[in-house]
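What follows is one structure encoded as structure tokens, with my remarks underneath.
In full-length UniProt numbering, the protein residues as written are 1 to 77.
This is how it looks when you write it as structure tokens:
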């Protein structure tokens with residue numbers, strides 16, 4: 001059951017990301033008199049989602065192997 005909850009949460013987060021990216025892209029497209037297709041917004045969402053997962057995994061691994069109990073901004077520079 002926990003896997004289902006985690007998948008549901010990930011789906012909701014991804015949907016929120018899609019909505020936010022779509023809103024930003026639509027605002028820019030209207031401002032610059034361009035047309036952004038739903039496929040473009042979907043592809044951009046997948047790209048951003050992938051980067052979020054990669055960055056999260058990197059931070060988790062970094063936190064595992066550091067002697068500190070927290071991460072500071074300077075640790076990631």
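C-beta atoms are modelled at their ideal positions from N, C-alpha and C, and glycine is treated no differently.
Note that this is a predicted model, so its numbers are computed, not measured.
Item: Can you name the start and end residues of the alpha helix (DSSP H) that residue 64 belongs to?; Value: 38 to 65
Item: Grouping DSSP H, G and I as helix and E and B as strand, with all else coil, what is residue 74?; Value: helix
Item: Tell me, to the nearest whole angstrom, how far the beta carbon of residue 52 is from that of residue 22; I am working on the premise that it is less than 8 Å.; Value: 16 Å between Cβ atoms; not a contact.
Item: Rounded to whole angstroms, what is the Cα-Cα separation between residue 55 and residue 29?; Value: 28 Å
Item: Just to confirm my understanding: we take residue 74, look at its own chain, exclude 5 residues before and 5 after, and list those with CB closer than 6 Å. What are they?; Value: none
Item: The ligand NAD heavy atoms versus the CB of residue 11: any closer than 7 Å?; Value: Ligands are entirely absent from the displayed structure, and the ligand NAD is therefore not among its contents.
Item: To the nearest angstrom, how far is the alpha carbon of residue 6 from that of residue 12?; Value: 10 Å
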